[in-house]
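Protein chains in written order, with our numbering: chain A, 10 to 211; chain B, 2 to 726. Ideal placement from N, C-alpha and C gives every residue a C-beta, glycine not left out. This report concerns only the one structure given below.
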Amino acid sequence: MNNNNKIFQFKLVLLGEAAVGKSSLVLRFVRGHFLDYQESTIGAAFLAQTVCLNDTTVKFEIWDTAGQERYHTLAPMYYRGAQAAIVVYDIRSEDSFERAIKWVKELQRQGSPNIVIALAGNKLDLAAKRKVETAEAQQYAEENGLLFMETSAKTAQNVNELFVEIAKKLPKTPTTRPGSGRLPITPIDNNAAKKKTCCNGN
Amino acid sequence: MSDTTTNNNSNSSVTTPVTPLVLEDENRGVSDEAIEASLDGLKHNTLKTSYTVLNTNNPHIDVNTQWIHNKLKEKEPEYTEKKNMSIFLGTWNVNGKKPSEPLDLWLKDPQMTIQPDIYAIGFQELDLTAEALLLGDTTRSLPWEQHILSSLQGDYVKLLSRQLVGILLCVYVKREHKPHITNAMSDIAAVGIMGMMGNKGGVAIRFSFYNTTICIINSHLNAHLDNVLRRNQDMRDIAKNIKFITDDGKTINIYEHDQLFWIGDLNYRIPLPDQEVKDRIKKKDFYNLFLQDQLYTQMKSGSAFEGFQEPPISFAPTYKYDAGTDEYDSSEKKRTPAWCDRVLWKTAKTAENVGILSYRRHELMTSDHRPVSASFIIKIKIVIPEAKSRVYQDIVKELDKKENDSMPDASISSNMVDFEEIKFMTPVTRQIVIENIGQVIARFQFIPKLDETSLCKPWLKISPIAGMMIPKEKIMLELTIYVDNLTSQAFNVNGESMDDILILHLENGKDYFISISGVFQKTCFGNTLENLVRYPHPIRNNIPIPSDQKKLSIPKELWRIVDYIYYNGLKEEGLFIESGVTKEMELIRDCLDSGEPFTNITFSIHSMAETLIRFLESLVEPVIPFNMYQQALDASSSPVSCKTLVSHLPAVNYNVFFYLISFLIEALSHNQENKLSPDQLAIIFSTVFLRPSPLSPQSQYPPEAAIVKKRADLILHFLISKDLL
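Below, the structure is given as structure tokens:
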């Protein structure tokens, strides 16, 4: 019966340089709105959103991370165990594209073995000031087996599409564990905390 | 009585032959195959049971999916349209006869105005042979099934059939409906004492017809006029024991269907004298006869078939005829005619009731029973896929929204805490405030970074490290930096910068990063002798000279302290005995680190004396290094051993040792004024010259008196025998 199907749950992480629009993409996708002034994320925000495909339902547990370089060393906490990642850059910034490539390399080296990575060139509404050519990013994505889309969190262009494409590409195996990937509260001593139980039982 | 319920837990559309359990003794010649088959049946049962247990114990039940599907079910009217469909239910006790006459009169009645969408045909006493009873032989059903199919007018396909000894139920549907039927399952439930009166029991088939669930039971209940209570019990046993197990391990009982039909030879009789019954039949006074019918009276009193309905009966009793004739039983037994063969239904409270099209008997004469049929109109719910998809997405979206809204949220007064200047042994506390700005209780805790075990660097203290806030509540967190002897090395010697990132985690929610920064004022305290001799200039704001350049022989700060006491306090009474003043000692430390002269500050000589002891105490490694601690204790009894030990000290340590002992001997030469004794000095200075590593077990407890004496002895040798150095 159509739709009467299981829900597959996946952990998805957003990575990318500061101010490229990671939080805005998530807010557009989850809440359907856009803020002209989006506060910078200092930490990692968590939201859930479900995508209905024709024959399956995919629920994303989305971790939106801090882009500032000083927090770079904390990123593995969030991409560890993630089955999907969106690496975001600003099409107006070569630097942010270079940074995105570094994130992709880090994910390929240290992320989950079969992680689905999507490269998103955001701020498509500001294409007049474009510095990163679509073809260049497209080629990089193809060479590295990434999904690629240029998006605009402001106009919503390609935002849902991006998540839907990721949802389609994720393997729907029975081993996909339902349940939350969020961190449980466990009692810890100051300066002698137990090892953090990371998402998806790693 | 033996209860041999065997469930068919697979969602199959093939008839599964069922082997009744053989409980008889082996004298009756039951074949090995039959026994094996019975054991298989048992195994099947066992398997099924464990499967069910496994499923209910599964901790990963997807409650979200379950919830969504329940909601979807609730909203069913929003995405289904109703369409009238008809179902034909027929029941016939064939008394063990083989098919011999056409079934058209029953199944293809010209009075039937519409072609049924579903046919459910039930037989009883299809097979009265011992093989059927004991071996589960179902071959006799085949000719009947073929006979039915050839009688059905139009394009019908068999959905499912199921047999329990003589009880057979077959369901046929119009071919066009077949793709819209799901979860077709069957089950059986046997009652009665096997081998004595023929097997009694029920066979059930259930399926989803479009979005409407239908369950049909064909049963043969116990016979004889007096067995009313037995029949009531049979009915309840069958109802209880029939169960369907879905693919995901859920158990459905017969009442969990939109439409439930119960047909069969229910065997209820009319408790009136034979002649009276026959007279009323002749007069077609069915109404008054019916008022005496056992099934009617039992249902009326709520003793059986609770909640079931029956279409009004307007036909003569269907039992018992002399086979092949229109005559009721003319044998010696002269059984009173009865409405043994019935069709009942029960519609779920949530579903729309059926419409009655007909309830009739048919004049087939093969058996001692006449077949009976009832036709109904059912409002079938048909899913509009687009509408369902929309409703489903709305439910999911709503759930996401609720889930996201129910996540805790907090605001934090600052993500950057700059402690600015931090001095040695001087705690500094900063406060940050977190506020619960969400709708729910927020539990928070600081968590360590990936693959780390501590929440923060050792020089930082967080209080509290975990807590909870009700909505709108604020909590103040205190962050304190305190650099002591143990933690100063990182900055003094290793040149680390003072920063850290704390992760404040909200349970089921986001993480907040808090950056900590400070500038540690480098100091000669909590340092190493080796490092200090590489600072010819004040340690603060300077870097050590390269290791290949000429180092100082002793730390200049040590020299400054000793030099000061030498010129200003050697004759002071209580030197090294009286305490200094903390504030004054901080000023002295500042002068030592900055290179400022002592003349700019005022302090007592005792503050300077204590500074000397504190300086030595704060050394990351004492003058006699940790790795020589045990040797030193062992050597303490012999002056010569002590001399040898000291000669093996590293160069700087040796210099310092030599320098300080010389100074202490000088101090003792003024003992007339300062009243110092070698014993006192030996005890005081031995505790800072000689101590176990803070990582060693010895450092966990205060030293024993014997150890204290050994340490003091070592120093004492040098203070009293001047030629040891």
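Best match in B:600, B:97 and B:726 for proximity to residue 642 of chain B [C-alpha to C-alpha]: Residue mapping note: residue 642 of chain B aligns to position 641 of the second sequence, counting from 1. Of the residues B:600, B:97 and B:726, the one whose Cα lies closest to the Cα of residue 642 of chain B is B:726.
For residue 158 of chain A, the first and last residue of its enclosing beta strand (DSSP E): Here residue 158 of chain A corresponds to residue number 149 of the first sequence, with the count starting at 1. First-last of the beta strand (DSSP E) with residue 158 of chain A: 156 to 159.
Whether residue 65 of chain B touches residue 16 of chain A by CB criterion (7 Å): Within the second sequence, the letter at position 64 stands for residue 65 of chain B. Within the first sequence, the letter at position 7 stands for residue 16 of chain A. Yes, these two residues count as a Cβ contact at 7 Å.
Which listed residue (B:708, B:604 and B:693) has its alpha carbon closest to that of residue 701 of chain B: For the purposes of this step, residue 701 of chain B is taken as residue 700 along the second sequence, with counting starting at 1. It is B:693 whose Cα lies nearest to the Cα of residue 701 of chain B.
At least 3 beta-carbon pairs within less than 8 Å: the segment 103 to 113 of chain B vs the segment 145 to 152 of chain B: Of all C-beta pairs linking the segment 103 to 113 of chain B to the segment 145 to 152 of chain B, three or more are shorter than 8 Å, placing the two stretches in contact.
Whether residue 646 of chain B touches residue 632 of chain B by CB criterion (7 Å): For this step, residue 646 of chain B is matched to residue 645 along the second sequence. For this step, residue 632 of chain B is matched to residue 631 along the second sequence. Yes.
Cβ of residue 52 of chain A within 7 Å of any chain B Cβ: Within the first sequence, residue 52 of chain A is the residue found at index 43, counting from 1. For residue 52 of chain A, at least one C-beta of chain B is nearer than 7 Å to its own C-beta.
Residue from B:699, B:662, B:244 and B:512 with nearest C-alpha to residue 717 of chain B: Sequence index remark: in the second sequence, residue 717 of chain B carries index 716 (1-based). The closest CA to that of residue 717 of chain B, considering only B:699, B:662, B:244 and B:512, is found on B:662.
Min CB distance residue 158 of chain A to chain B below 7 Å: Position 149 of the first sequence, counting from 1, holds the residue named residue 158 of chain A. Under the Cβ distance rule, residue 158 of chain A does not count among the residues neighbouring chain B, no pair being separated by less than 7 Å.
Partners in chain B for residue 58 of chain A, counting only beta-carbon separations shorter than 7 Å: Here the question's residue 58 of chain A lines up with position 49 in the first sequence. Against residue 58 of chain A, the close residues of chain B are 401, in the order they occur along the chain (beta-carbon pairs closer than 7 Å).
Contact set for residue 53 of chain B: own chain, Cβ-Cβ below 8 Å, skip 5 residues either direction: As a working note, residue 53 of chain B is residue 52 in the second sequence. Note on residue 53 of chain B: pLDDT 34, under 50, position unreliable in the model; the coordinate value appears next. Hits under 8 Å: 246, 250 and 252.
Status (buried if at least 16 other CB within 10 Å, exposed otherwise) for residue 656 of chain B: Locating residue 656 of chain B in the second sequence gives position 655, where the first residue counts as 1. By the Cβ-count criterion, residue 656 of chain B is buried, with 16 or more other Cβ atoms from all chains shown falling within 10 Å of its own Cβ.
Own chain, CB closer than 8 Å to residue 180 of chain A, minus 5 neighbours either side, in chain order: By one-based count along the first sequence, residue 180 of chain A stands at place 171. Non-local C-beta neighbours of residue 180 of chain A in its own chain, meaning closer than 8 Å and more than five positions away in sequence, comprise 123, ordered along the chain.
Residues sharing a beta bridge with residue 470 of chain B, DSSP: Taking the first residue of the second sequence as position 1, residue 470 of chain B is located at position 469. B:443.
Short-range partners of chain A found in the segment 408 to 424 of chain B, where Cβ spacing is below 8 Å: Residues passing the 8 Å Cβ filter: 408 and 416.
Interface positions of the segment 512 to 540 of chain B facing chain A (Cβ-Cβ less than 9 Å), listed along the chain: Legend: CB atoms of the segment 512 to 540 of chain B lying less than 9 Å from CB atoms of chain A belong to residues 512, 513, 514, 515 and 516.
Residue 149 of chain A - containing beta strand (DSSP E), residue span: As a working mapping, residue 149 of chain A is identified with position 140 in the first sequence. The continuous stretches of beta strand (DSSP E) do not include residue 149 of chain A, which lies in the alpha helix (DSSP H) extending over residues 143 to 152.
Among B:426, B:432 and B:433, the one whose alpha carbon lies nearest that of residue 489 of chain B: What you label residue 489 of chain B is simply residue 488 of the second sequence in a count that begins at 1. Nearest C-alpha to residue 489 of chain B: B:426.
Proximity of residue 612 of chain B and residue 589 of chain B at Cβ, strictly below 7 Å: Mapped onto the second sequence, residue 612 of chain B falls at position 611. Mapped onto the second sequence, residue 589 of chain B falls at position 588. Their beta carbons are under 7 Å apart, which means residue 612 of chain B touches residue 589 of chain B by this criterion.
8 Å Cβ shell around residue 103 of chain A - same chain, five flanking residues per side excluded: On the first sequence, position 94 is the one that residue 103 of chain A refers to. Excluding residues up to 5 positions away in sequence, 140 and 141 lie with their Cβ nearer than 8 Å to the Cβ of residue 103 of chain A in the same chain.
Beta carbon of residue 254 of chain B nearer than 7 Å to that of residue 384 of chain B: Stepping through the second sequence from its first residue, residue 254 of chain B is reached at position 253. Stepping through the second sequence from its first residue, residue 384 of chain B is reached at position 383. For the 7 Å CB-CB criterion, residue 254 of chain B and residue 384 of chain B do not form a contact.
Rounded separation between residue 75 of chain B and residue 259 of chain B - CA only: The sequence position of residue 75 of chain B within the second sequence is 74, counting from 1. The sequence position of residue 259 of chain B within the second sequence is 258, counting from 1. Rounded to whole angstroms, residue 75 of chain B to residue 259 of chain B spans 14 Å at the Cα level.
Chain-ordered residues of the segment 29 to 47 of chain A with a beta carbon less than 7 Å from chain B: Taking 7 Å as the Cβ-Cβ cut-off against chain B, the residues of the segment 29 to 47 of chain A that qualify are 39.
Counted within 10 angstroms of its Cβ, other Cβ atoms place residue 361 of chain B as buried (16 or more) or exposed: As a first step, residue 361 of chain B is located in the second sequence; it is residue number 360 there, counting from the start. With 16 or more Cβ atoms within 10 Å of its Cβ, residue 361 of chain B is classed as buried.
Residue-chain proximity (residue 15 of chain A, chain B), Cβ-Cβ < 7 Å: The residue labelled residue 15 of chain A in the question sits at position 6 within the first sequence. Yes, contact with chain B.
Chain-ordered residues of the segment 61 to 79 of chain A with a beta carbon less than 8 Å from chain B: Per Cβ criterion, the list reads 61, 66, 68, 75 and 79.
Spatial distance of residue 168 of chain B from residue 140 of chain B (CA atoms): Looking up residue 168 of chain B in the second sequence gives position 167. Looking up residue 140 of chain B in the second sequence gives position 139. Between the C-alpha atoms of residue 168 of chain B and residue 140 of chain B there is a straight-line separation of about 13 Å.
Residue 66 of chain B: contacting residues in chain A (beta-carbon distance under 7 Å): Start at 1 with the first residue of the second sequence, and residue 66 of chain B comes out as number 65. Under the 7 Å cutoff, chain A gives 15 and 16.
With 16 other Cβ atoms within 10 Å as the buried cut-off, status of residue 648 of chain B: Sequence index remark: in the second sequence, residue 648 of chain B carries index 647 (1-based). So residue 648 of chain B ends up on the exposed side.
Cβ of residue 479 of chain B within 7 Å of any chain A Cβ: As a working mapping, residue 479 of chain B is identified with position 478 in the second sequence. Chain A has no Cβ within less than 7 Å of the Cβ of residue 479 of chain B.
As assigned by DSSP and simplified to three states, the class of residue 429 of chain B: Within the second sequence, the letter at position 428 stands for residue 429 of chain B. The answer is strand: DSSP assigns residue 429 of chain B an E or B state.
Bridge partners - residue 254 of chain B, DSSP secondary structure assignment: For this step, residue 254 of chain B is matched to residue 253 along the second sequence. Note: residue 254 of chain B is bridge-paired with B:244 in the DSSP secondary-structure output.
Straight-line Cα distance separating residue 376 of chain B from residue 311 of chain B: One-based indexing of the second sequence puts residue 311 of chain B at position 310. One-based indexing of the second sequence puts residue 376 of chain B at position 375. Going by the C-alpha atoms only, they are around 12 Å apart.
Inter-residue spacing [alpha-carbon to alpha-carbon] between residue 476 of chain B and residue 436 of chain B: If you number the second sequence from 1, residue 476 of chain B lands on position 475. If you number the second sequence from 1, residue 436 of chain B lands on position 435. When rounded, the distance between both Cα atoms is 6 Å.
Residue 83 of chain A: contacting residues in chain B (beta-carbon distance under 8 Å): Here the question's residue 83 of chain A lines up with position 74 in the first sequence. Ordered by position in chain B, the residues that pass the 8 Å Cβ test against residue 83 of chain A are 450, 451, 502, 504 and 514.
Exposure of residue 730 of chain B, with buried meaning 16 or more beta-carbon neighbours within 10 Å: No information on residue 730 of chain B is available, as it lies outside the stretch 2 to 726 that chain B covers here.
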